[in-house]
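Step one of this worksheet: look at the structure below.
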Amino acid sequence: MNETNDQIHDSYRSIASASEGLFKDNGSRFIALAYPVETESDVKEIVASLKKQYHDARHHCYAYRLGYRGDVFRANDDGEPSSSAGRPILGQIDANGLSDILIVVVRYFGGIKLGIPGLIRAYRTSAADAIANSRIIEKVAGRRFRLSFGYLNMNDVMKMTKELGLVPEAQDFGMTCSMEVRVRLSLAEKFLEMCSKIEGCSAQDL
1 MNETNDQIHD SYRSIASASE GLFKDNGSRF IALAYPVETE SDVKEIVASL
51 KKQYHDARHH CYAYRLGYRG DVFRANDDGE PSSSAGRPIL GQIDANGLSD
101 ILIVVVRYFG GIKLGIPGLI RAYRTSAADA IANSRIIEKV AGRRFRLSFG
151 YLNMNDVMKM TKELGLVPEA QDFGMTCSME VRVRLSLAEK FLEMCSKIEG
201 CSAQDL
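In case it helps, full-length UniProt numbering puts the sequence shown at residues 1 to 206.
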């Protein structure tokens, strides 16, 4: 079902900055590291960096969820028994209703096997601790546009940006003017409609 302008839920919960959690059991240490991320490239970069930083750890298990819909996600057990690590981490992300977040749990093995129930508890608890130590924020999904318009139409364009609460960026006012704006998803259709009613105004997705 397509979302109409009034039905678009473009706000969602995420974390403001990196945070850390810890859980210990029978000599094993589970260090949970949570990061705000927006792309899978961000995820790969952070995971690769942590594997270098904690190169002596036994496992680097992680889970992430991305986007305002939260429809991009993955759980990775990194050698632990299937669904004993990544899934419990993802479960904590979902239990807190978060997206645009990556949690990596670094495990230092203590010599005593914990069993699958013990592993699930350890990864779940350490991930929950990292989230508890973070600051939850509300994010708003949006689209970026480059506006092009004639100098004589600048007042109409500025009036439109003010009405929609947009913050103009990268402005260039010559004979042909341009600026970049970020428009929240629920206002994108209205923005494009208003732009089309201004003579000589066009909006291009960035």
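C-beta: ideal position from N, C-alpha, C; glycine also.
Check	Outcome
Is the CB-CB distance between ASN133 and GLY21 below 8 Å?	yes
Please determine, among ALA48, ASP77 and TYR151, the residue with the shortest C-alpha to C-alpha distance to TYR62.	ASP77
Ordered along the chain, which non-local residues of its own chain (more than five positions away) have a Cβ less than 7 Å from that of GLN171?	MET179
On the three-state DSSP scale, how would you describe VAL167?	coil
Are PRO88 and ILE116 touching if we call contact CB-CB under 8 Å?	no
Beta-carbon within less than 6 Å of GLY200's beta-carbon, same chain only, minus the 5 sequence neighbours each way: which residues are those?	PHE149, GLY150 and ASN153
Give me the Cα-Cα distance between VAL181 and GLY142, rounded to the nearest whole angstrom.	10 Å
Excluding the 5 residues flanking GLU169 on each side, which residues of the same chain have their C-beta closer than 6 Å to its C-beta?	GLU180
Can ARG58 and PHE109 be called in contact, C-beta distance under 8 Å?	yes
So, are the CB atoms of ILE198 and ILE15 less than 8 Å apart?	no
Can you look up TYR123 in the DSSP assignment and give me helix, strand or coil?	helix
Along the chain, where does the beta strand (DSSP E) containing GLU20 start, and where does it finish?	19-25
Alpha carbon to alpha carbon, what distance is there between TYR35 and THR161?	32 Å
Let's test the definition: count the other Cβ atoms within 10 Å of the Cβ of THR4 and tell me whether it reaches 16, buried, or not, exposed.	Because the pLDDT at THR4 is just 43, under 50, the model does not fix this residue reliably, and the point stays unresolved.
Which two residues bound the contiguous beta strand (DSSP E) that contains GLU180?	176-184
DSSP three-state label for ILE198, please.	coil
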